[in-house]
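Written out below as structure tokens is the structure these notes cover.
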Amino acid sequence: MALPNAVVLNVPTSATNTYLYRKDDGSVANGGDNMFSPMVKIEIEQATAGDKYVHLRFSYYNKYWQKSADNNSIVAVSNKPEEDVTKASCTLFEPSLQSDELYLTHVQSGWRVMMDNSTKGFYIDKDSVGATLGFVDWGTLVKMPPHIAVKGDNGHYLKAFIDKSNYYLQFASDDSIDVYSGHTVSLMPDGHVQLISDHFGKLWWASDSWIYADGKGSETSTHFWPIKIDNNTIALQSASNNRFCGRLTSDGVTDGLASLTGTLMKETRLQVEELVSRRKIYYVRYRMENARVYDEKPYLAGTARLTNNTDKDDSMAVSITYQDEKSYTFSRGASLTAGVSTSIKAGLPFIADEQIEVSFEISGTLQWDETTTTTTSVTATGTVPVPANTMAVIDYVGTRGSCNIPFSYTQEDHNSTNGRIAYFQQIDGVYNGVSYYNFDFRVRSVKPM
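Each residue of the sequence shown is one higher than the one before, counting from 3 in my numbering.
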């Protein structure tokens, strides 16, 4: 069966909403308390051994699932995937979906993955039917910014509006930074959000008609599920009536926010703008202990021909010029771009001589999830032995590889509505770098003259 590239796993029968995570001892357990936490994000990697097999990797730690070497418990300790089923360290799992319930089989043993109800730890058992798991596609989770303005399909921002003692929300403002247009977002551990009107200071809630901002609704009516439409556009679905919020003119209210419909339509498209004028990222701290090197492939930088027309073997000088290319990408857990000008100061790690080193520092504009590539012309020189009266073909050969490194950082936000500066310690960063390394001159062929 096909699974998303990344998921959050949970046990639907648990009394509380908790998620699978990696404990400090490396064991896999149920107990993560926040769906938005990078510690519960599990990357699904398709195995080369067969379409029905996958590898499971905790993104925050870059560790793959396997059976423990000491017992039948499931641990996430492997730095690299292992597809040899004769090895106890095999990281292959086979997922199966039955009536929307997910089961995992440990391929090397052929046993299903189970959960110990007392410890909440996972293990494999020969005679078990397996633990019933639920999953959420990580790519569908919307981690909304904490302070936003919302623009409707009519081009106007959502503002606080009172009519006949009712606290409405109306798409009628032309100013995103007006206090009437601001809204504060709280992320719920299960993926829902709550929103507060900055002007009213009260929670939004969904009735069967309008969305009010007076905080008088039930707990469930204040919960909304955000659905991503594009990089800065969402839809909000009420948890109490499953309707999408959208612009409506009715009952004397013009362009109000209402519990509109059970389907997406243009009136339910909400454009999110983060109320931050500028953002700085610094104090980037790479967790090198969780770094991953992968996708290593041979790379031919260039070729030269040397001729030794003497009667003696000779060590001859060789020179090859090639284009050395490096690329890097900074990613984070946020789902929406929301149009904030961001700068970063950080070192750039790349693989060099079989280890990861921070080669140089950058300071400038940052675009999250966009790859930056630099190319430098490099001339490599050396000497190679060439037999007497022969012509040799010399290759300059290296390795092209990628590194994936989780990182934490300080985020400095300048509020666009009041000018205040807020500081946040974030742990959701992921850096990817691609580089060439381990170069050497190699004699491909030697022919007599």
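Quick reminder that beta carbons are idealized off the backbone N, C-alpha and C, glycines included.
Beta-carbon proximity check, residue i vs residue j, cutoff 8 Å
i: Asp155; j: Arg249; result: yes
i: Tyr330; j: Leu350; result: yes
i: Glu275; j: Lys145; result: no
i: Glu327; j: Thr377; result: yes
i: Ser343; j: Arg402; result: no
i: Asp200; j: Gly219; result: no
i: Phe95; j: Val79; result: no
i: Ser242; j: Ser211; result: no
i: Phe352; j: Gly435; result: yes
i: Pro147; j: Leu272; result: no
i: Leu5; j: Pro83; result: no
i: Ile346; j: Ala293; result: no
i: Thr251; j: Leu262; result: no
i: Thr419; j: Val181; result: yes
Residue i versus residue j: straight-line alpha-carbon distance, rounded
i: Asn48; j: Gln413; result: In the sequence under discussion, the amino acid at residue 48 is Gln, which differs from the Asn named in the question. Cα to Cα, Gln48 sits roughly 34 Å from Gln413.
i: Tyr433; j: Tyr288; result: 8 Å
i: Leu368; j: Met116; result: 43 Å
i: Tyr284; j: Ile364; result: 11 Å
i: Gly258; j: Tyr296; result: 52 Å
i: Ile150; j: Trp113; result: 48 Å
i: Val445; j: Lys299; result: 19 Å
i: Ser39; j: Asp442; result: 43 Å
i: Asp253; j: Asp165; result: 11 Å
i: Gly141; j: Val9; result: 8 Å
i: Gly304; j: Asp397; result: 6 Å
i: Ile407; j: Asn391; result: 51 Å
i: Lys204; j: Asp216; result: 5 Å
i: Thr312; j: Val448; result: 15 Å
i: Asp139; j: Ala354; result: 35 Å
i: Glu45; j: Tyr62; result: 10 Å
i: Lys65; j: Ile423; result: 36 Å
i: Thr93; j: Val380; result: 40 Å
i: Ser317; j: Thr375; result: 37 Å
i: Tyr425; j: Lys128; result: 51 Å
i: Asp70; j: Asp371; result: The sequence shown places Ser at residue 70, rather than the Asp named in the question. Between Ser70 and Asp371, the C-alpha separation is close to 35 Å.
i: Ser188; j: Ala31; result: 27 Å
i: Asp415; j: Lys282; result: 7 Å
i: Leu99; j: Cys405; result: 33 Å
i: Ala126; j: Thr107; result: For the sequence presented, residue 126 should be read as Ile rather than Ala. Approximately 8 Å between the Cα atoms of the pair.
i: Tyr23; j: Val399; result: 41 Å
i: Leu58; j: Ser101; result: 22 Å
i: Thr186; j: Trp206; result: 10 Å
i: Asp27; j: Phe60; result: 14 Å
i: Asn233; j: Ile198; result: 23 Å
Rounded distance between the beta-carbons of residue j and residue i, thought under 8 Å
i: Leu277; j: Ile179; result: 7 Å
i: Gly335; j: Asp430; result: 3 Å
i: Gln68; j: Val77; result: 6 Å
i: Asn310; j: Val388; result: 4 Å
i: Lys161; j: Gly33; result: That belief does not hold up - the Cβ atoms of Lys161 and Gly33 are roughly 42 Å apart, past 8 Å.
i: Tyr159; j: Phe202; result: Between Phe202 and Tyr159 the Cβ distance is about 15 Å, and since that is not below 8 Å, they are no contact.
i: Ser240; j: Ala208; result: 4 Å
Nearest to residue i (by Cα), restricted to the options the options
i: Ser75; options: Lys89, Phe124, Lys82; result: Phe124
i: Thr256; options: Asn417, Ser175, Lys82, Ser242; result: Ser175
i: Lys25; options: Met41, Phe95, Ala71; result: Met41
i: Val320; options: Phe60, Thr331, Leu308, Trp140; result: Leu308
i: Gln36; options: Thr375, Ser167, Met190; result: Here residue 36 turns out to be Asn, not Gln, going by the sequence shown. It is Met190.
i: Ser130; options: Lys122, Tyr105, Asp139, Thr121; result: Tyr105
i: Val286; options: Val138, Ser333, Thr186; result: Ser333
i: Gly52; options: Gly28, Ser70, Val87; result: Val87
i: Thr50; options: Glu291, Glu85, Cys405, Tyr411; result: Glu85
i: Pro450; options: Asn81, Gln427, Ser361, Met393; result: Met393
i: Ser29; options: Lys54, Asp72, Tyr439; result: Asp72
i: Thr265; options: Leu238, Lys282, Arg59; result: Leu238
i: Glu356; options: Tyr425, Asp118, Trp370, Tyr438; result: Tyr438
i: Leu171; options: Lys314, Ser101, Ser410, Cys247; result: Cys247
i: Gly157; options: Phe173, Asn19, Leu58, Phe163; result: Phe173
i: Ile236; options: Asn440, Ser209, Met267, Asn81; result: Met267
i: Ser410; options: Gly366, Phe362, Val399, Met290; result: Met290
i: Ala90; options: Asn19, Tyr182, Ser111; result: Ser111
i: Ile231; options: Gln100, Thr20, Leu143; result: Leu143
Distance cut-off 7 Å: residue i Cβ against heavy atoms of the ligand GTP
i: Arg446; result: This structure does not include the ligand GTP; it has no bound ligands of any sort.
Would you call the region 5-24 and the region 129-146 touching, i.e. three or more CB-CB distances under 8 Å? yes
With three or more beta-carbon pairs closer than 8 Å as the criterion, would you say the region 375-394 touches the region 310-324? yes
Counting pairs of Cβ atoms below 8 Å between the region 224-236 and the region 194-208, do you hit three or more? Taking a cut-off of 8 Å for Cβ pairs, the region 224-236 and the region 194-208 touch, as three or more such pairs fall below it.
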